[in-house]
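Asks: Handing you a structure now.
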């Protein structure tokens, strides 16, 4: 009887030890899981803060460049930049009050529209850009440079304004005003380039400035300014990645493809096609080649198959490996 009790006690002790071990292991796993979750949450918060600070820094830099171009060069020489800023310059010269004040007032209704269309995230950044532009434009205006030759004034002003616009847009915001209208149009017509839309909505402002200032020469210079703004902005937004999209229909696609991969050092895709007239199967080589390599590709195709059918078209927004990451929150 005594032995039976002792054996039962041992078994109970072993069972309780096993349960205790299980509890300890479960508690250990729970602590590790909590730590991992805490680390993931911390990294998530850190990345969000880092991204937000990067955007704010870009908005600040862009606003400084944009306002410097307006206040130092364009407005002192009665040149407009189009959009709400252009209207603000016209009103400042005709009615009074500072350009920055008009710029802030005119943007209020557009900000309200933007809030309902794009949400608080987009508009919060844009509103920050508007406040910065309003302040810095009036600040730089007090140091305005006038009396220079018109061509250097247009060039330097355009470089600053275009670089500022592109930088702010890369941050996922806009400089307000017609930029919000442009974003609405871009959402509806995504195939149109940002700079093209800016030019279209700015034409009316430029024409108005010519009438108000009584000088069509100034209107022409203003229009040139807007065109240059667009080119600089495209450079900031899209870089120098302009390339050529090439389609090649050849009777010897394997040999041609081998040389393209080895000699031109670019990738390619084989598409399947059928001739509409002959009804014969055809392999179509599709590839993207940077602008500087396009002549080499053309010469290669001509050497290997002088009867090849080749289509070359411009491609200036290329996303993926070897090119750019997708800009999800650009205009």
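Numbering (our numbering), first residue to last: -18 to 312. Just so you know, even glycine gets a beta-carbon here, dropped at the ideal spot from N, CA and C.
1. Check residue 124 in the structure and name its three-state DSSP category.
2. Count the other CB atoms, across all protein chains shown, that sit within 10 Å of the CB of residue 190; report buried if there are 16 or more and exposed otherwise.
3. Contact defined as beta carbons within less than 8 Å: I believe residue 147 pairs with residue 218. What is the distance between those atoms, to the nearest angstrom?
4. Measure the CB-CB distance between residue 225 and residue 180 and report whether it falls below 8 Å.
5. Please report the Cβ distance between residue 277 and residue 227, rounded to the nearest whole angstrom; I am assuming they are in contact, meaning their Cβ atoms lie under 8 Å.
6. In three-state terms, what does DSSP make of residue 81?
7. Contact check, residue 206 vs residue 60 under 8 Å by CB: the rounded distance?
8. Considering only residues of the same chain and omitting the five flanking positions on each side of residue 48, which have a CB-CB separation below 6 Å?
9. Measuring alpha carbon to alpha carbon, tell me which residue in 149, 247, 54 is nearest residue 272.
10. Hey, would you say residue 287 sits closer than 8 Å to residue 149, going by beta carbons?
11. Could you check if residue 252 is buried or exposed, using at least 16 other CB atoms within 10 Å of its CB as the buried criterion?
12. Identify every residue that forms a DSSP beta bridge with residue 252.
13. Where residue 202 and residue 186 are concerned, what is the direct C-alpha to C-alpha distance, given to the nearest angstrom?
14. Roughly how many whole angstroms lie between the Cα atoms of residue 29 and residue 20?
15. Report the rounded CA-to-CA distance for residue 52 versus residue 12, giving the unit in angstroms.
16. Residue 156 by DSSP, collapsed to three states: which one?
17. Between which two residues does the alpha helix (DSSP H) containing residue 226 stretch?
18. Considering only DSSP beta bridges, list what residue 291 is partnered with.
19. If we count the other Cβ atoms within 10 Å of its Cβ and call it buried at 16 or more, is residue 56 buried or exposed?
20. Report buried or exposed for residue 266, applying the criterion of at least 16 other Cβ atoms within 10 angstroms of its Cβ.
21. Indicate the three-state DSSP secondary structure (helix, strand or coil) for residue 162 in the structure shown.
22. Pick helix, strand or coil for residue 270, following the three-state DSSP scheme.
23. State the DSSP-derived secondary structure class of residue 257, mapped to helix, strand or coil.
24. At which residues does the alpha helix (DSSP H) containing residue 71 begin and terminate?
25. So, helix, strand or coil for residue 246, using DSSP?
26. With 16 other CB atoms within 10 Å as the buried threshold, where does residue 88 fall?
27. Given a cut-off of 8 Å on the beta-carbon distance, is the pair residue 64 and residue 158 in contact?
28. Please look up how many angstroms separate the CB atoms of residue 182 and residue 162, rounded, as I've assumed it's under 8 Å.
29. Let's test the definition: count the other Cβ atoms within 10 Å of the Cβ of residue 111 and tell me whether it reaches 16, buried, or not, exposed.
30. Out of 234, 199, 22, 285, which one is the CA nearest neighbour of residue 131?
31. In the DSSP assignment, find the alpha helix (DSSP H) that holds residue 140 and state where it starts and stops.
32. Given a threshold of 16 other Cβ atoms within 10 Å of its Cβ, counted over all protein chains shown, does residue 75 qualify as buried or as exposed?
33. Do you know whose CA, among 135, 177, 99, 108, lies nearest residue 84's CA?
34. Could you check if residue 106 is buried or exposed, using at least 16 other CB atoms within 10 Å of its CB as the buried criterion?
Replies: Looking at the atomic coordinates:
1. coil
2. buried
3. 5 Å
4. no
5. Contact flag wrong, Cβ pair sits at about 12 Å.
6. helix
7. 6 Å
8. 114, 117, 118, 121
9. 247
10. no
11. exposed
12. 265
13. 13 Å
14. 14 Å
15. 59 Å
16. coil
17. Where residue 226 is concerned, there is no enclosing alpha helix (DSSP H), although the beta strand (DSSP E) it sits in stretches over 224 to 230.
18. 229
19. buried
20. buried
21. helix
22. strand
23. coil
24. 64 to 75
25. coil
26. buried
27. yes
28. 6 Å
29. buried
30. 199
31. 131 to 151
32. exposed
33. 108
34. buried
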